[in-house]
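In my numbering, each residue's number is its place in the sequence shown (first place is 1) plus 150. Idealized CB from N, CA, C, for every residue including glycine. Before any comments, here is the structure.
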Amino acid sequence: QDIEVILVSSGAIAEGIKRLGWDTRPDDIHKLQAAAAVGQMGLIQTYESLFAKYNIHTAQILLTHDNLTNADRYENISSTLNNLLDFGTVPIVNENDTVATDEIKFGDNDTLAALVANLVGANQLIILTDQGGVYNADPRQNTDAKLIDTINVNDEKLEQVAGRTGGSLGSGGMYTKVLAAKKAAESGATTVIASGKAADVLTRLANGEHVGTLITC
Numbered sequence: 151q152d153i154e155v156i157l158v159s160s161g162a163i164a165e166g167i168k169r170l171g172w173d174t175r176p177d178d179i180h181k182l183q184a185a186a187a188v189g190q191m192g193l194i195q196t197y198e199s200l201f202a203k204y205n206i207h208t209a210q211i212l213l214t215h216d217n218l219t220n221a222d223r224y225e226n227i228s229s230t231l232n233n234l235l236d237f238g239t240v241p242i243v244n245e246n247d248t249v250a251t252d253e254i255k256f257g258d259n260d261t262l263a264a265l266v267a268n269l270v271g272a273n274q275l276i277i278l279t280d281q282g283g284v285y286n287a288d289p290r291q292n293t294d295a296k297l298i299d300t301i302n303v304n305d306e307k308l309e310q311v312a313g314r315t316g317g318s319l320g321s322g323g324m325y326t327k328v329l330a331a332k333k334a335a336e337s338g339a340t341t342v343i344a345s346g347k348a349a350d351v352l353t354r355l356a357n358g359e360h361v362g363t364l365i366t367c
């Protein structure tokens with residue numbers, strides 16, 4: 151199918167810690183940055199080998215907050231990404247954890263993915279998570295929780311159901327995904343939040359099947 155894809159992936163620090171044989175995650179920022187440098191190599195090697203099986207080239211793009219707040223750099227990155235897509239390449243985007251500090255980080259890759267969607271004028275942002283989508287109650291605590299099939303990004307209920315505290319609904323949880331959907335909507339992109347564990351989830355979405363929660367704009 152004629153679908154252009156950009157993959158936003160985290161995991162560099164975790165992979166680096168694993169490769170370096172550390173038992174625990176260090177608190178020191180410089181050790182974390184070093185781990186990210188080691189781990190990013192592993193991530194890219196993995197993606198490159200997997201996509202190569204389908205004769206698809208990949209490209210590594212590491213971004214910082216400063217890249218997207220400077221107008222000239224913003225336009226440059228946008229042009230680079232669009233050219234890579236024109237070449238039939240799948241850009242693999244991650245935050246540049248080797249140089250980023252807590253004060254200048256995007257905060258989570260949900261936000262980064264939304265900003266990338268803005269960069270290229272994407273039609274849709276797909277966020278894969280450990281939940282089936284957005285529910286009207288926390289499904290881990292309420293067995294009667296119902297999956298929200300479709301909801302508008304400006305519907306007040308959206309933030310209400312995702313804005314609860316605790317667990318994965320906190321930082322990096324469902325609330326940040328809803329905020330990412332709002333950011334993506336600024337450039338006209340709809341958002342799908344679905345389970346990354348669902349069988350053939352991306353293929354099904356590409357074929358037009360409704361999976362998870364569709365957030366319209």
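task: Give the DSSP-derived three-state secondary structure of Ile206 in the structure shown.
output: coil
- prompt: Would the beta-carbon of Val284 fall within 8 angstroms of that of Glu309?
  reply: no
field: Closest residue to Thr366 among Ala312, Val303 and Gln195 (Cα-Cα distance)
entry: Val303
message: In the DSSP output, what is Ala344 paired with across the bridge?
response: Leu278
query: How would you call Ile179, buried or exposed, if buried means at least 16 neighbouring beta carbons within 10 angstroms?
result: exposed
field: Where the alpha helix (DSSP H) containing Val311 begins and where it ends
entry: Bounds of the alpha helix (DSSP H) holding Val311 are Glu306 to Ala312.
- request: Go ahead and pull the three-state DSSP assignment for Glu165.
  value: helix
Minimum C-alpha distance to Val158 - residue among Ser229, Ile277 and Ala312: Out of Ser229, Ile277 and Ala312, the CA that lies nearest to the CA of Val158 is found in Ile277.
Residue interval of the beta strand (DSSP E) (run including Ile301): Thr300 to Asn302
- prompt: Just reading off the beta strand (DSSP E) that Glu245 is part of, what are its end residues?
  reply: Val240 to Glu245
Beta-carbon proximity of Gln274 to Ala344, cut-off 8 angstroms: Pairing Gln274 with Ala344 gives a Cβ-Cβ distance that is not under 8 angstroms.
- prompt: How would you label Lys307, buried or exposed, when you count the other beta carbons within 10 angstroms and need 16 or more for buried?
  reply: exposed
field: Alpha carbon of Asp177 to alpha carbon of Asn244, nearest angstrom
entry: Those two C-alpha atoms are separated by around 21 angstroms.
- request: To the nearest angstrom, report how far apart Pro289 and Leu297 are at their CA atoms.
  value: 9 angstroms
- prompt: Candidates Ala187, Ala186 and Ala209: which alpha carbon is nearest Tyr197's?
  reply: Ala209
field: Boundaries of the beta strand (DSSP E) in which Thr248 is found, first to last residue
entry: Where Thr248 is concerned, there is no enclosing beta strand (DSSP E), given that its DSSP letter is neither H nor E.
- prompt: Any C-beta of chain C sitting closer than 8 angstroms to the C-beta of Ile227?
  reply: Within the model displayed, chain C is absent; a lone protein chain is all it includes.
message: So, with DSSP's three-state summary, where would you put Val266?
response: helix
message: Considering only the alpha carbon of each residue, which of Thr353, Asp299, Ala312 and Asp350 lies closest to Gly362?
response: Asp299
message: Do Ala221 and Gly189 have their beta-carbon atoms positioned less than 8 angstroms apart in this structure?
response: no
query: From what residue to what residue does the beta strand (DSSP E) around Ile365 run?
result: Bounds of the beta strand (DSSP E) holding Ile365 are Thr363 to Thr366.
Nearest neighbour of Glu154, chosen from Met324, Leu231, Ala287 and Ser199 [CA to CA]: Taking the Cα of Glu154 as reference, the smallest distance to any Cα among Met324, Leu231, Ala287 and Ser199 is reached at Leu231.
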